[in-house]
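Under the UniProt record's numbering, the first residue of the sequence shown carries the number 1, and numbering increases by one thereafter.
For glycine and all other residues, C-beta sits at the position ideal for the given N, C-alpha and C.
Only a predicted model underlies this, so the values are computations on that prediction, with no experimental measurement involved.
What follows is a short report on a single structure.
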Amino acid sequence: MFARNCWYVAAWSHLLPAGTVIGRQILDEPIALYRTESGALVAMEDRCPHRLAPLSLGCVQGEQLQCRYHGLTFDMAGRCIGVPGAEKIPPGTNARTFPVAECDGWIWVWLGAPGAANEALIPRGFDLADRRFTMRYGEISYAADYQLVNDNLCDLSHLDFLHKTTLGGATAGGWSDQPPRVTPLERGVHIERWLKDRPVNPGGTDLTDIWSCYDFSAPGILVMRTTFYPRGAAERCGLAAPPDDLAPLLRRVDQQAVTPTGKKSCTYLFAAGFEGMTPSPVAMERMYKIVMDAFAEDRTMIEAQQRIWDLTPASRRNAFLPSDKAPHLFRKMLARLINQELKVSS
Ligand code: FES
Ligand SMILES: [Fe+2]
């Protein structure tokens, strides 16, 4: 089951220039995303009403999309406005469209009740086009239930083990010593913690205190700040959130989205970088390599975990650790959203 009344990240905005179309899949729905020649964005079912050819193989003509197979033409509302060889438009030739939005470098699609598509529900991240941020982006696919990826992102204690030589190694551990502070939100969870006496640079001897703080929001959006302060800051702040006027040494930012393509497949779009500074190309490359190596470790583990879940009866209970609080709360919140939708539709 999926929550449908959510904005799902479909693609990076800058990878869809005017006059182009791409095919994506979200919640088992094939979606054609096209940008008209004047720059407007359309999300249409990727399924021509004639013989079900993918419209993402079609061509954008001005503000319209034409199916490449037999030439049906659709306007931005999905209305068929041209049928080769027919004087009148036959019935049953319109394509469904979906609410679509662009925000913080991503294209978002709403697959739920169209009347409920409120852009205020989009979790805000860091705008890739904003010059305050220097970020690199990427995308990987998972052959796994997206909720396993969400669990992974809600519980970073695994950095000390799965990512011992990558992300966990960069801070010389410290992620599993004690559980973070977790606060439930209406549509997500907020997770924060201090890591004390950690290296400023991977493998270095200069030490720092790191404030890690993120929201993880429905359906699977992570927006994280990792801020480095002079050593001793954690104690001076009483282990509470650092005040705005406490000058950091370095600000790292991460923005990630988990989008289910089907029941046991998902796509993971991410950007990682720095705020308020332009790192050297070497530092940027080193950061990105650590992130990419860690994501490969996550994928190997989560896909292997999925195989075992598939062999395990649903009645079997899993052990519950203190660090499971955030994944547990997040799954509970998502189940509540799904139940609310079921109640409304029954
Ligand atoms: S399948 Fe699209 S026009 Fe025939
Ligand atoms: Fe991970």
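(message) Looking at proline 180: is its Cβ nearer than 7 Å to the Cβ of leucine 329?
(response) As a first step, residue 180 must be located in the sequence shown, where it is residue number 180. As a first step, residue 329 must be located in the sequence shown, where it is residue number 329. Contact flag unset, no.
(request) Please check the pair valine 258 and valine 149, which I expect to be a contact at CB under 8 Å, by giving their CB distance rounded to whole angstroms. (result) Translated into the one-based positions of the sequence shown, residue 258 becomes position 258. Translated into the one-based positions of the sequence shown, residue 149 becomes position 149. 5 Å between Cβ atoms; contact.
(request) Give the straight-line distance between the Cα atoms of aspartate 298 and glutamine 178, rounded to the nearest whole angstrom. (result) Here residue 298 refers to the residue found at position 298 when the sequence shown is read from its first residue. Here residue 178 refers to the residue found at position 178 when the sequence shown is read from its first residue. Computed Cα separation, rounded: 21 Å.
(request) Please say whether glycine 58 and arginine 47 have beta carbons closer to each other than 7 Å? (result) For the purposes of this step, residue 47 is taken as residue 47 along the sequence shown, with counting starting at 1. For the purposes of this step, residue 58 is taken as residue 58 along the sequence shown, with counting starting at 1. In this structure, arginine 47 lies away from glycine 58, with their beta-carbon atoms at least 7 Å apart.
(request) Could you please give me the residues that DSSP links to alanine 271 through a beta bridge? (result) Residue numbering aside, residue 271 sits at position 271 when the sequence shown is read from its first letter. Alanine 271 is bridged to Tyr137 and Gln255.
(request) Go through its chain and collect everything with a Cβ distance to isoleucine 107's Cβ below 7 Å, but skip five positions before and after it. (result) By one-based count along the sequence shown, residue 107 stands at place 107. Result list for isoleucine 107: Ala10, Ala11, Ser13, Leu16, Leu33, Leu41 and Val100, in chain order.
(message) Buried or exposed for proline 313, going by 16 or more other Cβ atoms inside 10 Å?
(response) Counted from its first residue, the sequence shown places residue 313 at position 313. Classification for proline 313: exposed.
(message) Rounded to whole angstroms, what is the Cα-Cα separation between arginine 4 and proline 219?
(response) In the sequence shown, residue 4 corresponds to position 4, counting from 1. In the sequence shown, residue 219 corresponds to position 219, counting from 1. Their backbone Cα atoms lie some 9 Å apart in a straight line.
(message) Taking the alpha-carbon of aspartate 215 as reference, which of Ile290, Phe320, Arg124 and Glu45 has the nearest alpha-carbon?
(response) Translated into the one-based positions of the sequence shown, residue 215 becomes position 215. Ranking the options by Cα distance to aspartate 215, first place goes to Arg124.
(request) Would you be able to state if there are at least three C-beta pairs under 8 Å between the stretch 317-329 and the stretch 184-204? (result) With three or more CB-CB distances shorter than 8 Å, the stretch 184-204 counts as touching the stretch 317-329.
(message) Would arginine 198 and threonine 171 qualify as a contact pair, given that the criterion is a beta-carbon distance under 7 Å?
(response) Numbered from 1 along the sequence shown, position 198 holds the residue referred to as residue 198. Numbered from 1 along the sequence shown, position 171 holds the residue referred to as residue 171. A contact, by the Cβ cut-off of 7 Å.
(request) Measure from the alpha carbon of phenylalanine 274 to the alpha carbon of each residue in Gly262, Val253, Met292 and Arg286, then state which is nearest. (result) The residue you call residue 274 lines up with position 274 of the sequence shown. Ranking Gly262, Val253, Met292 and Arg286 by Cα distance to phenylalanine 274 puts Val253 first.
(message) Checking the sheet assignment: what are the DSSP bridge partners for arginine 225?
(response) Numbered from its first residue, the sequence shown carries residue 225 at position 225. DSSP lists Cys213 and Val253 as partners of arginine 225.
(message) Short of 6 Å in beta carbon distance, which residues of its chain neighbour glutamate 37, apart from the five on each side in sequence? Order them along the chain.
(response) If you number the sequence shown from 1, residue 37 lands on position 37. Contacts found: Ala18, Gly19 and Gly62.
(message) Just to confirm, is the Cβ distance from leucine 65 to leucine 52 under 7 Å?
(response) Counting from one through the sequence shown, the residue named residue 65 turns up at place 65. Counting from one through the sequence shown, the residue named residue 52 turns up at place 52. Contact: no.
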